[in-house]
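Written out below as structure tokens is the structure these notes cover.
Numbering (the working numbering), first residue to last: 55 to 264.
As structure tokens, this is what we get:
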């Protein structure tokens, strides 16, 4: 049975579109069952309509869980979802998020989008990147599954750093989803790891600075 994925988003849906492309190309063996936006004006809803994916608007966890259940979702991907989501019991350990920093640094409530990149620059960090983690309880606190680093350059602006971190996200998130659907998640507690999948290089789940 093909895994059914629910997508949660709040904005343009570029991360969702990336996942949808990988599914359409056959590199992720799954189907998108429903797209839930937290805002009625989210651009991701237009993407969902154009791709033929069922889509709706909901903000509260109870309502979202009911929608996911109605569409028989087995996994949930947060794709720029700006609200806290508390998953139903059957989805515990099945909700993923990609965050634009190397967690646990620059994570938590209020750290999203360009606020993250500005904080990285303000602190004089030499390395940034993205993290894919399980969603458990509070913002950005779930077990980390994979990270990819990018170098912070001396002349970086928020815009230039954002561009490279987003490229890292586009690369890493689909690989993590593919690995999990093929091989599951290993370990327990905060010590989790993934299996490499075809086409990976040693940097794909790690520390090759850009």
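All C-beta atoms, glycine included, are put in the ideal place defined by N, C-alpha and C.
Give the straight-line distance between the Cα atoms of residue i and residue j, rounded to the nearest whole angstrom.
i, j, result
"residue 204", "residue 224", "13 Å"
"residue 263", "residue 157", "Because residue 263 sits at a pLDDT of 47, beneath the cut-off of 50, its placement in the model cannot be relied upon, and the following sentence gives the value as read from the coordinates. Cα-Cα distance, rounded: 16 Å."
"residue 237", "residue 83", "12 Å"
"residue 199", "residue 133", "16 Å"
"residue 241", "residue 94", "39 Å"
"residue 190", "residue 142", "11 Å"
"residue 192", "residue 226", "23 Å"
"residue 58", "residue 208", "43 Å"
"residue 139", "residue 100", "22 Å"
"residue 81", "residue 249", "16 Å"
"residue 234", "residue 177", "34 Å"
"residue 72", "residue 247", "23 Å"
"residue 109", "residue 74", "14 Å"
"residue 214", "residue 131", "26 Å"
"residue 254", "residue 210", "28 Å"
"residue 239", "residue 104", "32 Å"
"residue 85", "residue 181", "35 Å"
Below 8 Å on the Cβ atoms is my guess for residue i versus residue j; work out the distance and round it to an integer in Å.
i, j, result
"residue 170", "residue 206", "In fact, because the Cβ distance is near 12 Å, the residues do not count as touching under 8 Å."
"residue 232", "residue 212", "The Cβ separation is near 30 Å, so there is no contact."
"residue 197", "residue 137", "Wrong, their Cβ atoms sit about 21 Å apart, outside the cutoff."
Can you check which of these residues, the options, is closest to residue i by C-alpha distance?
i, options, result
"residue 147", "71, 177, 187, 122", "187"
"residue 128", "161, 56, 98", "56"
"residue 92", "152, 66, 234", "66"
"residue 112", "101, 96, 104, 106", "96"
"residue 179", "75, 160, 100", "160"
"residue 201", "244, 183, 85", "183"
"residue 163", "176, 144, 135, 181", "135"
"residue 145", "122, 154, 137", "122"
"residue 106", "214, 151, 78, 114", "78"
"residue 120", "102, 90, 72, 153", "90"
"residue 220", "239, 152, 76", "152"
"residue 115", "108, 149, 104", "149"
"residue 194", "165, 103, 109, 110", "165"
Taking 6 Å as the limit between beta carbons, can you name the residues of its chain near residue i, skipping five residues before and five after?
i, result
"residue 216", "171"
"residue 125", "87, 88"
"residue 70", "61, 63, 98, 133"
"residue 154", "170, 184, 219"
"residue 102", "89, 109"
"residue 334", "Residue 334 lies beyond the residue range present for the chain, which begins at 55 and ends at 264; the question has no answer from this structure."
Quick check: is any heavy atom of the ligand FMN less than 8 Å from the C-beta of residue i?
i, result
"residue 195", "Within the structure as shown, the ligand FMN is missing, as the structure has no ligands at all."
Can you list, in chain order, the residues of its chain with a C-beta nearer than 8 Å to that of residue i? Leave out the 5 residues immediately preceding and following it.
i, result
"residue 168", "212, 216"
Within a Cβ cutoff of 7 Å, which residues of the same chain sit near residue i, ignoring the five residues on either side of it in sequence?
i, result
"residue 76", "82, 228"
Please specify which runs of the alpha helix (DSSP H), each continuous and at least 4 residues long, are wholly inside the segment 202 to 244, giving them in chain order.
212 to 237
Suppose only complete runs of 4+ residues qualify. What are the alpha helix (DSSP H) ranges in the segment 102 to 159, listed by chain order?
Under the rule that a run must span 4 or more residues, the alpha helix (DSSP H) segments found entirely inside the segment 102 to 159 read 115 to 124.
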